[in-house]
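Here this note's numbering runs 3 ahead of the position in the sequence shown, where the first position is 1.
Even glycine gets a Cβ: it sits at the ideal position worked out from N, Cα and C.
Quantities reported herein were computed from a predicted structural model and do not represent experimental measurements.
What follows is a set of notes on a single structure, which appears directly below.
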Amino acid sequence: MANPFANEGIQYCPILDGVNMWDIYTQYQAPAAAKTEEWNHIKLVISGVQMQVFVNNSLRLTVPKLEGRENTGSIAFDGDAYISNIEIKPNEIENLPQAEGVDLTRHEANYIRSWSITQPTTLEEGREPTTFRDLPKDEAFTEKIATERYGLVNLTRRFGSAEKRRIIWLKTIITAQEPTLANLQLGFSDEIWLYLNDQITYTDKNIFRQNMKRYPDGRISVQNGNSRLKLKKGENQLLIRISNDFYGWGLMARLENMENITAIEPYEVKKRAIEHIERYLGTYAAEISPAFKLTFVQKDSMLILEAPSQENVALDYLGNDLFKMGLG
């Protein structure tokens with residue numbers, strides 16, 4: 004390396020479902036004083052799930068947990084270089100522990116570590132999912148996902164690779180004992196749309212190849228962005244949509260402080276039966292615009308809104324004669 008301080012000198016990049024995760028594991032890169040047009044000595048010490056990397060007899064990188072799925076395999080080399088004097092010494096681990104190394108972020112309550120999620124769907128290039136029709140219904144949150152090390156929601160590990168741009172929704176409930184302003188630090192790959200209590204609050208992109216990358220150099224980190232959350236007293240729904248079509252897919256979310264926060268839990272669907280649904284059925288028009296009519300019909304146990312030249316909308320029942328159709 005010409006620059007001995009460049010963090011991109013060496014990097015450990017696991018491959019998941021054929022996806023190179025270089026943009027997801029920022030912490031596994033380091034400077035390395037490699038020499039040009041001379042021989043460089045590289046040594047890997049692997050013990051259980053840990054690995055150490057030495058460059059020219061200097062320890063340059065420690066990986067406390069190998070993140071791939073494979074337990075066996077082979078060694079290969081790629082790139083413009085000469086390779087010689089390869090030695091493999093089984094069971095020589097130089098006192099490196101076999102068990103997973105420490106993750107200091109596990110001591111922090113600030114990370115949002117459990118989410119309810121939808122299934123992935125495709126999203127056309129150039130389209131922004133910012134209308135109420137884009138918001139998922141409660142019943143779409145059929146599964147849960149927990150963070151891995153460093154507070155990472157690893158969507159690639161869960162859903163694999165895809166050729167087209169995909170999106171997924173994640174939802175959690177933040178409970179506050181009184182109205183509170185909270186700064187939410189965010190890491191995302193590649194695009195994010197954030198809603199708090201059905202109001203769009205934040206959107207951003209971290210796209211390396213279109214020069215829309217966020218610090219640090221298009222890799223995921225809680226330093227990618229932040230959103231100021233205006234939490235109300237009681238339960239607050241935090242809804243995030245993440246898109247991806249370039250290498251790793253993931254999310255990190257960390258509250259900068261936990262003042263007045265009493266709980267953070269994955270969203271649970273709460274079914275409300277619509278009392279006396281027949282009261283709402285029929286066609287309605289306003290006196291000032293009698294030609295424009297809204298029709299409410301029942302489908303199974305749901306109330307459906309029909310409007311001229313528009314797609315039908317299923318209304319969410321909140322109780323006490325209140326319904327919502329997204330975005331507030």
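Using DSSP with H/G/I as helix, E/B as strand and the rest coil, what is residue i?
i, result
"G154", "helix"
"A143", "helix"
"L62", "strand"
"F57", "strand"
"L197", "strand"
"A30", "It is worth fixing the name first, because residue 30 is Gln in this sequence and not Ala. Q30 falls in the helix class under three-state DSSP."
"Y270", "coil"
"D207", "strand"
"T175", "strand"
"S191", "Per the sequence presented here, residue 191 reads as Phe, with Ser not at that position. Reduced to three states, the DSSP call for F191 is strand."
"I120", "strand"
"L284", "coil"
Taking the straight line between their C-alpha atoms, what separation do you get for residue i and residue j?
i, j, result
"W176", "A266", "Here residue 176 turns out to be Ile, not Trp, going by the sequence shown. Approximately 8 Å, taken between the alpha carbons."
"D303", "I277", "11 Å"
"V105", "V272", "35 Å"
"G331", "Q202", "Caution is warranted here: a pLDDT of 41 is assigned to G331, below 50, making its placement in the model unreliable, and the coordinate value is therefore given only provisionally. If you take the alpha carbons of G331 and Q202, they lie about 6 Å apart."
"N229", "Q188", "4 Å"
"L199", "I243", "9 Å"
"P139", "M215", "27 Å"
"E309", "A102", "59 Å"
Using a 10 Å radius around the Cβ and a threshold of 16 neighbouring Cβ atoms, would you call residue i buried or exposed?
i, result
"R275", "exposed"
"A179", "buried"
"L173", "buried"
"G154", "buried"
"W42", "exposed"
"Y15", "buried"
"S119", "buried"
"Y287", "exposed"
"K327", "exposed"
Could you pull the start and end residues of the beta strand (DSSP E) that residue i belongs to?
i, result
"G322", "319-322"
"E90", "It is not in any beta strand (DSSP E) - E90 carries neither H nor E in the DSSP assignment."
"I49", "45-50"
"F326", "325-327"
Is the region 270-288 touching the region 189-199 in the sense that three or more CB pairs, one from each, lie closer than 8 Å? no
Under 8 Å, with one C-beta from each stretch per pair, do the region 233-241 and the region 156-170 reach the 3-pair mark? Cβ pair count under 8 Å is below three, so no.
Please determine if the region 24-35 and the region 248-255 are in contact, where contact requires at least 3 C-beta pairs separated by less than 8 Å. The region 24-35, when compared against the region 248-255, does touch it at the 8 Å Cβ threshold.
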